[in-house]
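Notes for the one structure printed next.
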Amino acid sequence: MFGQRKKIKEILQHGIAGDKVTIMGWVRTFRNNQFIAIQDGSSQRNFQIVMPEGILSESDLKRITTGASLKVKGEVVNSTGKGQALELKATSIEILGDSDPEKYPLQPKKHSLEFLREKAHLRFRTNTFGAVFRIRHSLAFAIHQFFHERGFIYLHSPVITASDAEGAGEMFRVTTLPLDQLPKTEENEINFREDFFGKSTHLTVSGQLEAELAATAFGDVYTFGPTFRAENSNTTRHLAEFWMIEPEMAFYDIEDNMNLAEAFIKAIIQFVLDHNKEDLDFLAERLAEEEKSLPVDKRSEMGLLEKLQLVCREPFERITYTEAIEILQASSYYKKKKFKFDVQWGIDLQSEHERYLVEKHFKKPVIVTAYPEGIKAFYMRMNADGKTVAAMDILAPGIGEIVGGSQREERLDKLLDRMEKMNVPTAEMQWYLDIRRFGTVPHAGFGLGFERIVQFVTGMGNIRDVIPFARTPKNCEF
Ligand code: ATP
Ligand code: MN
Numbered sequence: 002m003f004g005q006r007k008k009i010k011e012i013l014q015h016g017i018a019g020d021k022v023t024i025m026g027w028v029r030t031f032r033n034n035q036f037i038a039i040q041d042g043s044s045q046r047n048f049q050i051v052m053p054e055g056i057l058s059e060s061d062l063k064r065i066t067t068g069a070s071l072k073v074k075g076e077v078v079n080s081t082g083k084g085q086a087l088e089l090k091a092t093s094i095e096i097l098g099d100s101d102p103e104k105y106p107l108q109p110k111k112h113s114l115e116f117l118r119e120k121a122h123l124r125f126r127t128n129t130f131g132a133v134f135r136i137r138h139s140l141a142f143a144i145h146q147f148f149h150e151r152g153f154i155y156l157h158s159p160v161i162t163a164s165d166a167e168g169a170g171e172m173f174r175v176t177t178l179p180l181d182q183l184p185k186t187e188e189n190e191i192n193f194r195e196d197f198f199g200k201s202t203h204l205t206v207s208g209q210l211e212a213e214l215a216a217t218a219f220g221d222v223y224t225f226g227p228t229f230r231a232e233n234s235n236t237t238r239h240l241a242e243f244w245m246i247e248p249e250m251a252f253y254d255i256e257d258n259m260n261l262a263e264a265f266i267k268a269i270i271q272f273v274l275d276h277n278k279e280d281l282d283f284l285a286e287r288l289a290e291e292e293k294s295l296p297v298d299k300r301s302e303m304g305l306l307e308k309l310q311l312v313c314r315e316p317f318e319r320i321t322y323t324e325a326i327e328i329l330q331a332s333s334y335y336k337k338k339k340f341k342f343d344v345q346w347g348i349d350l351q352s353e354h355e356r357y358l359v360e361k362h363f364k365k366p367v368i369v370t371a372y373p374e375g376i377k378a379f380y381m382r383m384n385a386d387g388k389t390v391a392a393m394d395i396l397a398p399g400i401g402e403i404v405g406g407s408q409r410e411e412r413l414d415k416l417l418d419r420m421e422k423m424n425v426p427t428a429e430m431q432w433y434l435d436i437r438r439f440g441t442v443p444h445a446g447f448g449l450g451f452e453r454i455v456q457f458v459t460g461m462g463n464i465r466d467v468i469p470f471a472r473t474p475k476n477c478e479f
């Protein structure tokens with residue numbers, strides 16, 4: 002039965018009048034007892050079925066409702082109606098699954114994103130989420146393709162980890178200990194020796210440290226997997242469970258790292274521009290419509306497509322952290338006290354600062370380098386000035402930080418100095434230090450939050466709307 006199925010996308014692309022096909026999908030609308038708009042998820046566009054009188058009984062006609070699933074056989078014909086070139090003249094229609102119109106939540110009208118978040122099990126069937134998740138898929142594919150073509154090895158870093166050295170955020174504990182009867186040591190502390198792994202373990206916040214190990218054997222590797230942060234930040238850019246891509250390259254300095262990150266972002270966006278035109282057009286229109294309700298000064302200066310094309314075309318701006326601070330301090334925003342947080346050399350740039358640099362000052366993505374050592378992780382390489390490290394963050398319009406990366410400290414003595422200064426325990430980190438003991442090499446890498454790039458490309462304002470089932474504080478449905 003299912004082998005005969007043709008996808009709507011294929012018919013729209015390659016079909017010609019006269020083709021005999023079988024399609025299967027879900028009803029969007031049904032009008033005049035004759036025209037069925039059907040969707041099978043393969044394409045942004047609905048496909049129109051024209052149903053000659055008499056193929057279905059009176060009672061079956063009533064079962065053609067929004068959300069019902071159908072198997073339709075018929076002949077592809079040139080459409081006389083507006084909006085489509087081809088349609089399907091049905092010769093037989095089989096109802097595979099009913100959908101009670103009184104109960105089906107997705108009626109053929111506009112639903113709010115908030116409403117659809119509650120119906121996340123069904124929202125895949127809407128135009129918006131169809132587009133978002135087809136683009137999410139394309140980006141994932143483009144990421145693998147980009148690295149594969151350059152000879153990178155895809156490394157599956159562990160999800161459960163005992164190292165808490167990354168310090169990238171709060172961690173979720175993994176345990177099988179009975180919570181109501183925790184085993185205690187003589188010092189009355191929890192005895193993790195009795196836990197599953199015989200020690201305290203967590204869900205990973207990053208695969209970077211493991212990627213560094215593999216990079217010193219394969220040269221170029223990348224991870225692409227779920228990461229977890231128990232940070233209680235209810236923002237439109239943070240999830241408790243998100244996917245991260247972390248390339249790590251031996252024989253790379255910070256410059257090489259920036260070049261790769263920029264080429265990477267451009268390549269994956271270009272892939273979507275080339276392969277998801279209809280989905281992007283749909284989302285661009287949706288965004289433009291949404292922005293009409295905003296005050297003029299809050300609207301984007303560019304449409305979604307222009308924004309993406311600009312990112313692919315223009316070189317990213319590259320500035321040092323020190324230059325960033327100078328620009329911010331010289332800005333009218335600073336002088337008029339429009340920033341909530343103060344701007345001083347040494348601060349961690351707040352998202353209002355990042356957005357000012359990207360959206361108001363440069364109007365394109367910006368790579369900021371050479372951050373003060375005090376605000377960056379222990380593994381980042383100390384610069385010759387003794388004050389800054391070879392870090393780089395890429396800031397994107399509308400999102401802020403999208404990539405965080407650095408050249409890693411490959412000199413054992415310098416690394417030990419920094420670990421001591423930042424209270425990172427060295428005893429459990431011998432495996433990490435061994436990489437510097439045996440054939441150490443300059444190396445660098447970065448992390449790209451997958452959902453952040455999906456947000457950027459789709460123009461979706463809330464990160465909860467670009468992952469199938471969002472995990473956020475006090476929310477773990479489905
Ligand atoms: P932010 O300042 O936005 O919280 P971060 O400095 O904590 O980011 P990194 O530790 O450098 O981020 O993580 C690498 C990348 O992972 C970030 O550039 C961002 O794209 C993404 N990222 C970080 N935290 C989250 C999160 N909670 N949800 C989704 N993506 C995230
Ligand atoms: Mn964070």
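In this note's numbering, the protein residues as written are 2 to 479.
Ideal placement from N, C-alpha and C gives every residue a C-beta, glycine not left out.
This structure is a prediction, so every number in the text was calculated from the model and none was measured.
Straight-line Cα distance separating residue j from residue i
{"i": "E355", "j": "E374", "result": "19 angstroms"}
{"i": "D349", "j": "I376", "result": "6 angstroms"}
{"i": "V22", "j": "S70", "result": "17 angstroms"}
{"i": "M420", "j": "T427", "result": "7 angstroms"}
{"i": "H51", "j": "T30", "result": "For clarity, residue 51 is Val in the given sequence; the question names His instead. Computed Cα separation, rounded: 12 angstroms."}
{"i": "D20", "j": "K10", "result": "14 angstroms"}
{"i": "A392", "j": "Y372", "result": "6 angstroms"}
{"i": "P53", "j": "K293", "result": "42 angstroms"}
{"i": "R438", "j": "F148", "result": "28 angstroms"}
{"i": "V359", "j": "E302", "result": "13 angstroms"}
{"i": "F193", "j": "T177", "result": "10 angstroms"}
{"i": "D414", "j": "V133", "result": "47 angstroms"}
{"i": "A289", "j": "G226", "result": "33 angstroms"}
{"i": "P106", "j": "F130", "result": "15 angstroms"}
{"i": "H362", "j": "L281", "result": "27 angstroms"}
{"i": "A397", "j": "V367", "result": "7 angstroms"}
{"i": "K83", "j": "S139", "result": "30 angstroms"}
{"i": "E402", "j": "W432", "result": "30 angstroms"}
{"i": "S60", "j": "S80", "result": "28 angstroms"}
{"i": "A264", "j": "F142", "result": "16 angstroms"}
{"i": "F197", "j": "K475", "result": "27 angstroms"}
{"i": "K259", "j": "I326", "result": "The question names Lys, yet the displayed sequence has Met at residue 259. Each residue's alpha carbon lies about 20 angstroms from the other."}
{"i": "L274", "j": "A231", "result": "34 angstroms"}
For residue i, the nearest candidate out of the options (CA to CA)
{"i": "I464", "options": "R238, Y372, V297", "result": "R238"}
{"i": "V481", "options": "H112, M461, T321", "result": "As displayed, the chain neither begins before 2 nor continues past 479, which places residue 481 out of reach and without an answer."}
{"i": "F125", "options": "P474, E478, D466", "result": "D466"}
{"i": "F153", "options": "V222, I96, L117, E187", "result": "V222"}
{"i": "P109", "options": "F363, I136, T127, E190", "result": "T127"}
{"i": "T162", "options": "E211, A397, K341, K90", "result": "E211"}
{"i": "E103", "options": "R118, Q351, T129, T66", "result": "T66"}
{"i": "G450", "options": "M245, R472, K200", "result": "M245"}
{"i": "C477", "options": "E119, Q310, G55", "result": "E119"}
{"i": "S352", "options": "F130, I270, V133, I395", "result": "I395"}
{"i": "E88", "options": "V78, I24, L281", "result": "V78"}
{"i": "Q408", "options": "L261, Q310, I400", "result": "L261"}
{"i": "R6", "options": "G55, A215, G75", "result": "G75"}
{"i": "S93", "options": "K339, I56, A18", "result": "I56"}
{"i": "R453", "options": "R412, V404, V442, E249", "result": "V404"}
{"i": "L97", "options": "H145, S43, G26, V160", "result": "G26"}
{"i": "R137", "options": "I269, K388, E286", "result": "I269"}
{"i": "F219", "options": "E249, N233, N235", "result": "E249"}
{"i": "M381", "options": "V28, F243, F447, I468", "result": "F447"}
{"i": "A216", "options": "H157, H444, E188", "result": "H444"}
{"i": "K90", "options": "F36, R32, N277, E150", "result": "F36"}
Residue i: first and last residue of the uninterrupted alpha helix (DSSP H) it sits in
{"i": "N79", "result": "No alpha helix (DSSP H) contains N79, which is instead part of the beta strand (DSSP E) from 70-79."}
{"i": "M480", "result": "Coverage of the chain is limited to positions 2 through 479, which leaves residue 480 absent and any answer about it impossible."}
{"i": "A215", "result": "209-219"}
{"i": "A325", "result": "322-330"}
{"i": "E115", "result": "114-119"}
{"i": "L180", "result": "Run containing L180: none; DSSP gives neither H nor E here."}
{"i": "S139", "result": "128-150"}
{"i": "E307", "result": "305-314"}
{"i": "K336", "result": "333-336"}
The ligand ZN heavy atom lying under 7 angstroms from the CB of residue i
{"i": "G19", "result": "Within the structure as shown, the ligand ZN is missing, the only ligands being the ligand ATP and the ligand MN."}
The beta strand (DSSP E) enclosing residue i, as first and last residue numbers
{"i": "T202", "result": "202-204"}
{"i": "P296", "result": "Run containing P296: none; DSSP gives neither H nor E here."}
{"i": "R90", "result": "Looking at the sequence itself, residue 90 is Lys, so the reference to Arg does not match. Looking at the DSSP string, the run of the beta strand (DSSP E) that includes K90 is 87-98."}
{"i": "I464", "result": "It is not in any beta strand (DSSP E) - I464 carries neither H nor E in the DSSP assignment."}
Count the CB pairs spanning the region 246-266 and the region 98-114 that are closer than 8 angstroms, and state whether there are at least three. no
What residue ranges within the region 9-63 form continuous beta strand (DSSP E) runs of no fewer than 3 residues, ordered along the chain? 21-32, 36-40, 48-51
Taking 8 angstroms as the threshold, find out whether the region 68-87 comes into contact with the region 34-50 through three or more Cβ pairs. yes
Are the region 194-205 and the region 306-322 in contact at 8 angstroms, needing three or more beta carbon pairs? no
Restricting to runs no shorter than 4 residues, where is the alpha helix (DSSP H) found entirely within the region 340-385? 352-356
Which runs of the alpha helix (DSSP H), 4 residues or longer, sit entirely within the region 390-459? 413-422, 431-438, 451-459
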